[in-house]
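K.L.:
The following block contains the structure, expressed as structure tokens.
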Amino acid sequence: MSVTLTIARHELRRYFASPLAWACLGVVQLILGVVFWLLLAEFASAHDMSVQVGVAEFVGGGLFGFSTIILLLIIPLLTMRSFAEERQSGSLELLLASAAPLHAIILGKYLGMLSFLGLLLMLIAAMPLSLLLGTPLDLGLLAAGLLGLGLLMAAFSAAGLFVSSLTSQPIVAAVGSFGLLLLLWLLQVASASGGTVAQLAEYLSLLSHFEQFRRGLFDTSDLCYYLLFSASFLSLTGLRLAWERNA
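Residue numbering for the sequence shown follows this note's numbering, beginning at 1344 and increasing consecutively.
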């Protein structure tokens, strides 16, 4: 566990030492801040009170839904450095040659990534929660939405780490991660066709499970989906690195 935490702290320091990470934080907050203001203005000026949609569902849910698009774009940029950049510089060979267990290396990098994204999640949460100063909110709905967003971050990160472990080119890793996540995202579109294939596509879609959380519905099957998704890609990363260590 100490090795895992050491690697996680090192990864977190690497993120904060990177201009790319700070740029991502700044751009994301700027974009989501504008989206938050637009949603709030729309709710205040054009909300039909005959439709029982609260401010938490309209503003918070809308903000969380838009956040998924931003995460789809920036997480591949953050995960591309995890293994691809180290393989390119030659430091990954030294890490694999050390006595550190593979699971400690992978979990350390994963936890470092999630720690950085946890800061981003708190900044996103601060926007709708700031409305508590002037209006009551459905905190359960917001909590479910934030949980879903956190699980989506974890799933995106696990897939990004796996793709990064396949190549020595960070840009290739970023493009590959984005393509993989977009493909899993677009399964939601295929689910609209109906039939058995559509049901399978809906279950495999990253977006369909998040929509449940965004609407304030907590289902253990959605939780299990994200946990299995993340564990599967972390396991694949372990197999890839084990093959490289033994080669």
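Built from N, CA and C at the ideal position, the CB exists for glycine as well.
Quantities reported herein were computed from a predicted structural model and do not represent experimental measurements.
If you count every other CB in all the chains shown that lies within 10 Å of the CB of residue 1565, and 16 or more means buried, which is it?
P.N.:
The residue labelled residue 1565 in the question sits at position 222 within the sequence shown. The residue is buried, with at least 16 neighbouring Cβ atoms inside 10 Å.
K.L.:
So the candidates are 1582, 1366, 1400, 1575; which of them puts its Cα closest to the Cα of residue 1487?
P.N.:
Taking the first residue of the sequence shown as 1, we reach residue 1487 at position 144. Nearest option by C-alpha distance: 1400.
K.L.:
Evaluate the contact criterion for the region 1477-1485 versus the region 1542-1553: three or more CB pairs, one atom per stretch, below 8 Å.
P.N.:
The region 1477-1485, when compared against the region 1542-1553, does not touch it at the 8 Å Cβ threshold.
K.L.:
Is it the case that the region 1415-1422 contacts the region 1562-1582, given that we only count it when at least three CB pairs across the two stretches are under 8 Å?
P.N.:
No: the two stretches stay apart, fewer than three of their Cβ pairs being nearer than 8 Å.
K.L.:
Mind checking which residues open and close the alpha helix (DSSP H) that includes residue 1304?
P.N.:
Lying before the first or after the last residue shown, residue 1304 is absent from the chain, which here runs from 1344 to 1590.
K.L.:
Helix, strand or coil for residue 1583? Go by DSSP, reduced to three states.
P.N.:
Start at 1 with the first residue of the sequence shown, and residue 1583 comes out as number 240. If DSSP states are grouped into helix, strand and coil, residue 1583 belongs with the helices.
K.L.:
What are the uninterrupted segments assigned as alpha helix (DSSP H) that are 4 or more residues long and contained completely in the region 1486-1568, given in chain order?
P.N.:
Runs found: 1513-1533, 1539-1547, 1549-1557.
K.L.:
Do three or more CB pairs link the region 1367-1383 to the region 1443-1458 at distances below 8 Å?
P.N.:
Touching, no.
K.L.:
With a threshold of 16 other CB atoms inside 10 Å of the CB of residue 1463, please say whether the residue is buried or exposed.
P.N.:
Locating residue 1463 in the sequence shown gives position 120, counting from the first residue. So residue 1463 counts as buried.
K.L.:
Can you tell me whether residue 1480 is helix, strand or coil according to DSSP?
P.N.:
As a first step, residue 1480 is located in the sequence shown; it is residue number 137 there, counting from the start. Residue state, collapsed to three classes: coil.
K.L.:
In whole angstroms, what separates the C-alpha of residue 1490 from that of residue 1402?
P.N.:
On the sequence shown, position 147 is the one that residue 1490 refers to. On the sequence shown, position 59 is the one that residue 1402 refers to. So the alpha carbons of these two residues sit roughly 16 Å apart.
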